[in-house]
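Trainee: Have a look at this one.
Below, the structure written as structure tokens:
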């Protein structure tokens, strides 16, 4: 029971900054845009797709990249709870780097794993920058 409540608290603390950032992004959308859309009698889906989503895209872009990076840093939970789990079921690249470097003293494998982790995060970040940069709208 204690571990379950600890895990719930950890998850809520991870999601809270994301929620606060998204709420801040929603509050930064000018209300005049919604008023103009209501005068044009656009539907809720049309308003969401043409106003809310484009105006929220910088915040979504930032939150997406930050959550991607945080997902790669799940070392502490794995180390404390399962140590990689039965048959490495919960093992991640970060925990693999730790195991190779500190448990097995395979420094070369740990360094190679670090380079692979860096490359994966770099490629995914660049992919998001290229893909979403076309859809991200900033207000001047």
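In my numbering, the protein residues as written are 2 to 141. Virtual Cβ for every residue (Gly too), placed ideally from N, Cα, C.
#1: Assuming residue 57 contacts residue 27 (C-beta within less than 8 Å), just tell me the rounded distance between them.
#2: When the distance is taken between beta carbons, is residue 76 closer than 8 Å to residue 97?
#3: Is residue 23 closer than 8 Å to residue 70 when the C-beta atoms are compared?
#4: Looking at residue 94: is its Cβ nearer than 8 Å to the Cβ of residue 117?
#5: Can you look up residue 45 in the DSSP assignment and give me helix, strand or coil?
Mentor: The short version:
#1: Taking 8 Å as the upper bound for CB-CB distance, residue 57 and residue 27 are in contact here, some 6 Å apart.
#2: No, Cβ-Cβ distance for residue 97 and residue 76 is not below 8 Å.
#3: It is not a contact, given that the beta carbons lie outside the stated cut-off.
#4: Contact flag set, yes.
#5: The answer is helix: DSSP assigns residue 45 an H, G or I state.
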